[in-house]
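There are 2 protein chains.
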Amino acid sequence: MQCEPIAVIRSPYRDKFGVPRQSGMVEEIEAIIQLLPPYNRPEAVEGLEGFSHLWLQFHFHLNDPQRDRGEGWQPMVRPPRLGGNRKVGVFASRAPFRPNPIGLSAVRILAIHADAARVEIRISGADLVDGTPILDIKPYIPYADAIPDARAGFAPAPPPSRPVRFTASAEAQLQQLDQPRHLRQQITAILALDPRPAYRAGDDDNREYGVRLYQWDIRWRRAGEAIEVIEILPIGD
Amino acid sequence: MQCEPIAVIRSPYRDKFGVPRQSGMVEEIEAIIQLLPPYNRPEAVEGLEGFSHLWLQFHFHLNDPQRDRGEGWQPMVRPPRLGGNRKVGVFASRAPFRPNPIGLSAVRILAIHADAARVEIRISGADLVDGTPILDIKPYIPYADAIPDARAGFAPAPPPSRPVRFTASAEAQLQQLDQPRHLRQQITAILALDPRPAYRAGDDDNREYGVRLYQWDIRWRRAGEAIEVIEILPIGD
Chain C
1 MQCEPIAVIR
11 SPYRDKFGVP
21 RQSGMVEEIE
31 AIIQLLPPYN
41 RPEAVEGLEG
51 FSHLWLQFHF
61 HLNDPQRDRG
71 EGWQPMVRPP
81 RLGGNRKVGV
91 FASRAPFRPN
101 PIGLSAVRIL
111 AIHADAARVE
121 IRISGADLVD
131 GTPILDIKPY
141 IPYADAIPDA
151 RAGFAPAPPP
161 SRPVRFTASA
171 EAQLQQLDQP
181 RHLRQQITAI
191 LALDPRPAYR
201 AGDDDNREYG
211 VRLYQWDIRW
221 RRAGEAIEVI
231 EILPIGD
Chain U
1001 MQCEPIAVIR
1011 SPYRDKFGVP
1021 RQSGMVEEIE
1031 AIIQLLPPYN
1041 RPEAVEGLEG
1051 FSHLWLQFHF
1061 HLNDPQRDRG
1071 EGWQPMVRPP
1081 RLGGNRKVGV
1091 FASRAPFRPN
1101 PIGLSAVRIL
1111 AIHADAARVE
1121 IRISGADLVD
1131 GTPILDIKPY
1141 IPYADAIPDA
1151 RAGFAPAPPP
1161 SRPVRFTASA
1171 EAQLQQLDQP
1181 RHLRQQITAI
1191 LALDPRPAYR
1201 AGDDDNREYG
1211 VRLYQWDIRW
1221 RRAGEAIEVI
1231 EILPIGD
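The listed protein sequences correspond, in order, to chains C and U.
Read in my numbering, the first sequence has 104 at position 104, and its numbers run on one by one without any break.
Read in my numbering, the second sequence has 1188 at position 188, and its numbers run on one by one without any break.
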């Protein structure tokens, strides 16, 4: 079976690192679904405005092809939720490395723009890197899709949230940017999820990390139970 | 992007006609997910037993290729829920005819059988014809996937359920089959959803329909507000 992208995501997440591991975790971040020709026809999204959420089925396009289907399919993976040292079956996980690398995310619809020139859907809660190819868009139908009492093995609840603080110099840098309050909320929501690789997320990890968001490289590290933003640098060339 | 089936569904639904239009509507029907080589390794489903539900991403393989991608993509469809006479955008519907014909269903896990000879997952609530190719299996994660308060346009609630009754001769036929009580429950659950094509589901429709289930052709018609099972025939050659 052959699939081709019907849309592409424009999001402020510049790399995989820092992207929330499930959809709906960071509602503060907005993204745009841009429908591609020949699918960018206003009729194709007519009626979607009656729904609050939609499903995205997308291609995990940043998978290393060496690890992707055909060249390195692995029957077991190490989910971050298990600390990165316990393995589960790939079909018991939402890992991007899967036989068919198709992802699934439920996101909130904020606005739909549809005219002859472009068809775009503004969303929040996406867990998608900028440029992710979208294979399908479906309305979220709660009577079929919402099973709040489902039992969920090793992921029964959202991961714990860490407090996030800014150093004085990071705070000063923030204040010089557009919409500093909004950007602080976004950075806080993303880093509260502690994006460190699970195998390094121990207590003794003091190394510096960078999450690339919009045109900024957010430098941070773990500090006790908290996450500390060290500085905010423009992304270099 | 190229996808290949990782599994196939074995279900009692012999045709598209009669299959519930969403997953979870008919929990009385069980199906089996049979993993295909090289994906049929017990490790690939390890940990799935901790989850009560899973997502299936599957190929709408019975689409008429004339209407399928490339040869007849239509930007608007007529969902049964709108009586078959109002159109909505294909991306505002769950219709099988879509640019990439990938379906999405949440089903309940009943049991997992995994050994070196075969890997199978027994499920209920599937809305899949026997033989449907499965592209991916993912655990259902309620904290990300369950949005019970989502607003759902033209499909805010399950379709109304009709009473189902059996004629005396259908009842007599039923009693001669294996597990008549169980089969009656299954037939009742399926027909209560009134599988008639939406454009014919008016009050004046008295024609006879057949739903093929297991090795039986269940003959039925609408009778007032109810559905009446007329007879139960073996599927002919």
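Just so you know, even glycine gets a beta-carbon here, dropped at the ideal spot from N, CA and C.
Check your understanding: Three or more beta-carbon pairs under 8 Å between the stretch 226–233 of chain C and the stretch 105–124 of chain C, yes or no?
Key -> no
Practice item. Compute the beta-carbon to beta-carbon distance between S11 of chain C and V129 of chain C, rounded to the nearest angstrom, for a pair I have assumed lies under 8 Å. Key: 7 Å
Review point. So what's E1046 of chain U in DSSP terms, helix, strand or just coil?
Key: If DSSP states are grouped into helix, strand and coil, E1046 of chain U belongs with coil.
Check your understanding: Counting only beta-carbon atoms, is S1124 of chain U nearer than 7 Å to chain C?
Key -> no
Practice item. Return the first residue and the last residue of the alpha helix (DSSP H) that A1170 of chain U is part of. Key: 1168–1175
Exercise for review: Report, in whole angstroms, the separation of the C-beta atoms of H61 of chain C and T132 of chain C, which I expect to be a contact under 8 Å.
Suggested key: 6 Å
Point to revise | In DSSP terms, what F91 of chain C is bridged to | key: Answer is none; F91 of chain C lacks a bridge partner.
**Study point:** Alpha-carbon to alpha-carbon, V45 of chain C and V8 of chain C
**Key:** 15 Å
Check your understanding: How many Å lie between F58 of chain C and R1165 of chain U at the Cα?
Key -> The C-alpha of R1165 of chain U is placed about 44 Å away from the C-alpha of F58 of chain C.
Exercise for review: Look at the Cβ atom of G84 of chain C, then the Cβ atom of Y209 of chain C, and state whether they are nearer than 7 Å.
Suggested key: Contact: no.
Check your understanding: Who are the neighbours of P1195 of chain U on chain C, taking C-beta pairs under 9 Å?
Key -> In chain order: nothing, as chain C lies at least about 16 Å away.
Practice item. Take the Cβ of P1096 of chain U as the centre, count every other Cβ of all protein chains shown within 10 Å, and call the residue buried at 16 or more, exposed below. Key: Buried is the call here.
**Study point:** Environment of G70 of chain C [buried if 16+ CB atoms lie within 10 Å]
**Key:** Because the pLDDT at G70 of chain C is just 47, under 50, the model does not fix this residue reliably, and the value given afterwards should be weighed accordingly. Exposed, since its Cβ has fewer than 16 Cβ neighbours within 10 Å.
Point to revise | Residue interval of the beta strand (DSSP E) (run including I32 of chain C) | key: 30–35
**Study point:** alpha helix (DSSP H) runs contained entirely in the stretch 124–193 of chain C, provided each spans 4 or more residues
**Key:** 142–145, 168–175, 180–191
Exercise for review: Measure the beta-carbon distance from A150 of chain C to P1142 of chain U and round it to whole angstroms, keeping in mind my assumption that it falls under 8 Å.
Suggested key: 5 Å
Review point. What separation, rounded to the nearest whole angstrom, lies between the Cα atoms of I1006 of chain U and A1168 of chain U?
Key: 45 Å
Review point. In three-state terms, what does DSSP make of P80 of chain C?
Key: helix
Check your understanding: Where D1204 of chain U and E1027 of chain U are concerned, what is the direct C-alpha to C-alpha distance, given to the nearest angstrom?
Key -> 30 Å
Practice item. Output yes or no for whether 7 Å exceeds the beta carbon distance between A126 of chain C and P1139 of chain U. Key: no
Check your understanding: If we count the other Cβ atoms within 10 Å of its Cβ and call it buried at 16 or more, is G236 of chain C buried or exposed?
Key -> exposed
**Study point:** Exposure of D1000 of chain U, with buried meaning 16 or more beta-carbon neighbours within 10 Å
**Key:** No statement about residue 1000 of chain U is possible, as the shown extent of chain U runs from 1001 to 1237 and does not include it.
Exercise for review: Kindly indicate if chain U contains any beta-carbon less than 7 Å away from that of N100 of chain C.
Suggested key: yes
Review point. Are any of the Cβ atoms in chain U nearer than 7 Å to that of K138 of chain C?
Key: Cβ-Cβ to chain U under 7 Å: yes for K138 of chain C.
Practice item. Output yes or no for whether 7 Å exceeds the beta carbon distance between Q41 of chain C and P1101 of chain U. Key: Residue identity differs from the one stated: residue 41 of chain C is Arg in this sequence, not Gln. Not closer than 7 Å, so no.
Practice item. Could you list which residues in chain U have their beta carbon closer than 7 Å to that of A155 of chain C, in chain order? Key: I1141
Review point. At least one CB of chain A closer than 7 Å to the CB of F97 of chain C: is that the case?
Key: Judged by its chain identifiers, the structure shown contains no chain A, and its protein chains are C and U.
Practice item. Write down the C-beta distance between E1030 of chain U and R1122 of chain U rounded to the nearest angstrom, noting that I regard them as a contact closer than 8 Å. Key: 6 Å
Check your understanding: Mind checking Q186 of chain C: buried by the 16 CB within 10 Å criterion, or exposed?
Key -> buried
Practice item. With a cut-off of 8 Å on the beta carbons, I'd call L1135 of chain U and W1055 of chain U a contact; round off their distance for me. Key: Not a contact, Cβ separation roughly 11 Å.
Review point. Any Cβ of chain U within less than 7 Å of the Cβ of A92 of chain C?
Key: yes
Point to revise | CA nearest to the CA of I1232 of chain U, picked from U:Q1175, U:M1025, U:P1197, U:P1148 | key: Across the set U:Q1175, U:M1025, U:P1197, U:P1148, the C-alpha of U:Q1175 shows the shortest separation from the C-alpha of I1232 of chain U.
Check your understanding: Where does D1068 of chain U sit, in a helix, a strand or coil, going by DSSP?
Key -> Because D1068 of chain U carries a pLDDT of 46, less than 50, the predicted location of this residue cannot be relied on, and the following value inherits that uncertainty. Looking at D1068 of chain U - three-state DSSP - the assignment turns out to be coil, as it is neither helix nor strand.
Point to revise | Reference G153 of chain C, options U:R1021, U:G1047, U:P1195, closest by Cα | key: U:G1047
**Study point:** Alpha carbon of L35 of chain C to alpha carbon of W1073 of chain U, nearest angstrom
**Key:** 15 Å
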